[in-house]
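Presented below is the structure to which this report refers.
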Amino acid sequence: MQENGTIRLFKRGPTAELRLVILVLIALSLLIVDSRWRSLEPARQAVSVALYPFQRLMFAPRDVVERINDWTDAAASARTEKEALQRQRIELAQISTHAAQLAAENQQLRRLLNVADTGTQPAIAVQVLYEPPNAFSHHLVFNKGTSSGILPGMPVIDEGGIVGQIVRVTPFTSEAALLTDDQVAIPVQVLRNGLRLIAFGGNVSGKVEVRYLTADVDIEADDTLVTSGIGGLFPAGLPVARIERVERDAASGFGVAVASPLSHPERYRHFLVLRVDVAPQASTSEDHLDGTQSE
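So the sequence shown is numbered by the numbering used here: it starts at 1268 and just counts up by one.
In structure tokens:
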């Protein structure tokens, strides 16, 4: 039988079931041969090499997504770690600052104890509660008052010298005017020659002044002023200030000596209040008031 110029020997080919069986047998034969003699390894490698670009192309979107996820996770982890390190750095800085502050306060307390031990005047240790917000006065409020024996007029000192004077008290707090406040006037003397003067605060910020100096007064820069003890409130010999300059006014004939306090109330929180006898001063003030009213 001839069809399209081709001679066919059979009218019908093998059935589909037979073809399937033949193909299965061929596949099993190939598997057995390959498992025993590895004869199909070159063909397998050739097919694998040929299919590799297609495999990479198929897996490319997955790889891109995985890399994006990895990068996002790494960025989030780095951000979290950075924030944790910043918090740790801030905490360590706070701990270091607090430790340095405690060490400085400890050293200052030791110096205050030395001052209290070497001094002949009994003293009360106080701590600063706050500084009143007043631009026209220089005051400090302490954590002890009349219940601890503090009275108005008592001097306040640190290891450098005179800090100020108690001007107001309550049962549990006290307020001191600093040496640079215009309420404070301290009898002093020049340590070099014993010249007695009065030191005032108020006119120059952070300084004290010795006013109304005549031309023949022997005072010069770098002279140290100490308490003279006159008046009884400030014990004699306590450091007060060091002269910075002496200004002369040719027109008036008087001069002014500007001095820097030797105490440092702006640096410390702990001070000593000297327990001096202020009763005579109070009675003198009352007598003066009575005399003024009677007049």
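Idealized CB from N, CA, C, for every residue including glycine.
All values derive from a computational prediction rather than experimental measurement.
Could you tell me which of the options sits nearest to residue i, measuring between CA atoms?
{"i": "PRO1569", "options": "PHE1501, LEU1480 and ARG1515", "result": "This structure cannot speak to residue 1569, because the chain is shown only from 1268 to 1562."}
{"i": "GLN1432", "options": "SER1415, SER1414, VAL1408 and PRO1438", "result": "VAL1408"}
{"i": "LEU1380", "options": "GLY1416, ALA1342, THR1413 and HIS1537", "result": "HIS1537"}
{"i": "ALA1517", "options": "ILE1424, LEU1287 and LEU1480", "result": "LEU1480"}
{"i": "VAL1513", "options": "THR1494, GLY1468, ARG1334 and ALA1482", "result": "ALA1482"}
{"i": "PHE1521", "options": "VAL1507, LEU1529, THR1494 and ILE1486", "result": "ILE1486"}
{"i": "ASP1449", "options": "ASP1425, LEU1464, ALA1402 and THR1494", "result": "ALA1402"}
{"i": "LEU1445", "options": "VAL1457, GLY1461, ARG1459 and GLY1428", "result": "GLY1428"}
{"i": "PRO1419", "options": "TYR1397, ASP1544, PRO1281 and TYR1535", "result": "ASP1544"}
{"i": "ASP1489", "options": "VAL1457, ALA1452 and VAL1540", "result": "VAL1457"}
{"i": "ALA1526", "options": "ILE1510, SER1519, GLN1322 and PRO1320", "result": "ILE1510"}
{"i": "LEU1529", "options": "LEU1539, VAL1475, SER1495 and GLY1499", "result": "VAL1475"}
{"i": "ALA1503", "options": "ILE1424, LEU1298 and GLY1468", "result": "ILE1424"}
{"i": "ALA1452", "options": "GLU1350, PRO1422, ARG1346 and VAL1436", "result": "PRO1422"}
The beta strand (DSSP E) spanning residue i covers which residue range?
{"i": "VAL1476", "result": "Checking the sequence, you will find Glu at residue 1476 rather than Val. Looking at the DSSP string, the run of the beta strand (DSSP E) that includes GLU1476 is 1475 to 1480."}
What is the residue span of the alpha helix (DSSP H) that residue i lies within?
{"i": "VAL1493", "result": "VAL1493 -> not in any alpha helix (DSSP H); beta strand (DSSP E) instead, spanning 1491 to 1494."}
{"i": "VAL1288", "result": "1283 to 1304"}
Below 8 Å on the Cβ atoms is my contact criterion, and I expect residue i with residue j to pass it. Report the Cβ-Cβ distance as a whole number of Å.
{"i": "VAL1523", "j": "VAL1477", "result": "7 Å"}
{"i": "LEU1505", "j": "ALA1466", "result": "Actually they do not touch by this definition, with Cβ atoms about 12 Å apart."}
{"i": "VAL1430", "j": "GLU1442", "result": "Wrong, their Cβ atoms sit about 13 Å apart, outside the cutoff."}
{"i": "PHE1439", "j": "SER1414", "result": "6 Å"}
{"i": "LYS1411", "j": "VAL1393", "result": "5 Å"}
{"i": "ARG1542", "j": "GLY1416", "result": "6 Å"}
{"i": "THR1494", "j": "VAL1507", "result": "6 Å"}
{"i": "HIS1406", "j": "THR1447", "result": "Incorrect: roughly 11 Å between the Cβ atoms, too far for contact."}
Does the beta-carbon of residue i, which I'm using as the reference point, lie nearer than 6 Å to any heavy atom of the ligand SAH?
{"i": "LEU1292", "result": "No copy of the ligand SAH appears in this structure; indeed no ligand is present at all."}
Please give me, in chain order, every unbroken run of the beta strand (DSSP E) with length at least 3 that falls completely inside the region 1499 to 1546. Listed in chain order, they are 1506 to 1515, 1522 to 1528 and 1537 to 1541.
Within the region 1384 to 1463, ranges of the beta strand (DSSP E) (whole runs, at least 3 residues): Fully enclosed beta strand (DSSP E) runs of 3 or longer: 1390 to 1397, 1406 to 1409, 1422 to 1425, 1428 to 1436, 1441 to 1445 and 1452 to 1457.
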